[in-house]
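Enquirer:
Protein chains in written order, with my numbering: chain V, 25 to 142; chain R, 0 to 110.
Printed below as a string of structure tokens:
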């Protein structure tokens with residue numbers, strides 16, 4: 025059971041190049057997420073997929089697209105990279121459990137992709 | 000206003016000290032709350048959920064005050080290995096689909 029895996033771990037792009045960050049989870053979770061983390065800004069949600077076949081914008085979606093390929097995989101694409109997209113990108117998936125009286129959502133993160141755009 | 004706010008610290012404490020972190024959240028519809036721990040250049044990991052009645056896990060105690068929209072984390076008998084950033088987290092809406100993270104509080108425990 026690998027949990028949440030991400031590839032690549034590191035990437036350097038030139039401005040205008042495109043790339044896709046890959047994420048997969050083997051925990052049979054329905055919901056998956058992409059975050060970016062910048063110094064002093066905390067974790068910010070880019071896109072999420074509540075279930076297979078659905079995707080929704082988060083707080084900072086501009087410049088990104090996503091694909092929920094199947095229940096396991098959720099990819100993030102940068103069509104034309106910009107220096108402002110230099111960041112650490114985390115993928116996560118969520119386990120929903122019932123903890124009376126509310127539902128609980130435990131989120132599991134991948135190891136991250138460190139992206140630099142020059 | 001940021002939906003989840005924390006004192007960024009850093010908190011610098013000696014081994015054995017007791018330290019408390021506070022957090023406020025703005026969305027009264029938030030249903031579930033958590034503390035995550037993040038080590039330098041690593042992914043966040045769930046430390047503990049926060050229950051309405053308060054809960055304890057070893058040296059860690061979490062409290063929730065819904066009326067004041069306030070969450071706390073108490074660490075007793077601090078260890079060097081507790082040095083990390085602690086993230087306060089709330090569900091974003093009643094469906095709880097997305098989590099809202101605070102920016103984190105940095106703790107440094109020294110010998």
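By construction, the Cβ of each residue, glycine as well, lies at the ideal position given by its N, Cα and C atoms.
Note that this is a predicted model, so its numbers are computed, not measured.
Report buried or exposed for residue 57 (chain R), applying the criterion of at least 16 other Cβ atoms within 10 angstroms of its Cβ.
Expert: exposed
Enquirer: With C-beta atoms as the reference, is residue 105 (chain R) less than 9 Å away from residue 84 (chain R)?
Expert: yes
Enquirer: Counting only runs of 4+ residues fully inside the segment 19–87 of chain R, write out the alpha helix (DSSP H) ranges in chain order.
Expert: none
Enquirer: Which same chain residues, not among the five before or five after residue 53 (chain R), have their C-beta less than 8 Å away from its C-beta?
Expert: 60, 61, 62, 63
Enquirer: Which value, in whole angstroms, describes the spacing of the CA atoms of residue 36 (chain R) and residue 86 (chain R)?
Expert: 6 Å
Enquirer: Using a Cβ cut-off of 7 Å, which residues of the segment 96–109 of chain R contact any Cβ in chain V, in chain order?
Expert: Against chain V - using a Cβ distance shorter than 7 Å - the residues of the segment 96–109 of chain R are 96, 97, 98, 100, 101, 102, 103.
Enquirer: Tell me which same chain residues have a C-beta within less than 7 Å of the C-beta of residue 104 (chain V), skipping the five on either side of it?
Expert: 40, 42
Enquirer: Mind checking if residue 34 (chain V) is an interface residue toward chain A, Cβ cutoff 9 Å exclusive?
Expert: Looking for chain A here will not work: the only protein chains present are V and R.
Enquirer: So which residues of chain R does residue 82 (chain V) contact, with C-beta pairs closer than 8 Å?
Expert: 97
Enquirer: Nearest chain V C-beta to residue 31 (chain R) closer than 9 Å, yes or no?
Expert: Using a CB distance cut-off of 9 Å, residue 31 (chain R) counts as an interface residue toward chain V.
Enquirer: Among the residues of its own chain, which have a CB less than 8 Å from the CB of residue 13 (chain R), if the five just before and after it don't count?
Expert: 77, 108, 109, 110
Enquirer: When you check each C-beta in the segment 43–62 of chain R against every C-beta of chain V, which residues fall closer than 9 Å?
Expert: Here the close residues are 43, 44, 45, 48, 50, 51.
Enquirer: Who are the near neighbours of residue 68 (chain V) in its chain, counting only those whose CB is closer than 8 Å to its CB and skipping five residues on each side?
Expert: In chain order, 59, 60, 61, 62, 82, 83, 84 place their CB closer than 8 Å to the CB of residue 68 (chain V), counting only its own chain and leaving out the 5 sequence neighbours on each side.
Enquirer: Kindly list, in the order they appear in chain R, the residues whose Cβ is closer than 7 Å to that of residue 129 (chain V).
Expert: What residue 129 (chain V) touches in chain R, judged by beta-carbon distance under 7 Å, is 31, 90, 95, 98, going in chain order.
Enquirer: Just checking my contact of residue 96 (chain V) with residue 49 (chain V) at CB under 8 Å: how many whole Å lie between their CB atoms?
Expert: 6 Å
Enquirer: Can you tell me whether DSSP reads residue 5 (chain V) as helix, strand or coil?
Expert: With chain V covering only 25 through 142, there is no way to say anything about residue 5 (chain V).
Enquirer: Pull up the CB-CB distance for residue 139 (chain V) and residue 108 (chain V), whole angstroms please, since I reckon it's below 8 Å.
Expert: Not quite, the Cβ-Cβ distance comes to about 11 Å (not below 8 Å), so this is no contact.
Enquirer: Between which two residues does the beta strand (DSSP E) carrying residue 72 (chain V) extend?
Expert: 66–73
Enquirer: Measure the Cβ-Cβ separation of residue 78 (chain V) and residue 101 (chain V) and say whether it is below 9 Å.
Expert: no
Enquirer: Who are the near neighbours of residue 51 (chain R) in its chain, counting only those whose CB is closer than 8 Å to its CB and skipping five residues on each side?
Expert: The answer, listed in chain order, is 63, 65.
Enquirer: Please classify residue 108 (chain V): does DSSP put it in a helix, a strand, or coil?
Expert: Secondary structure at residue 108 (chain V): helix, using DSSP grouped into helix, strand and coil.
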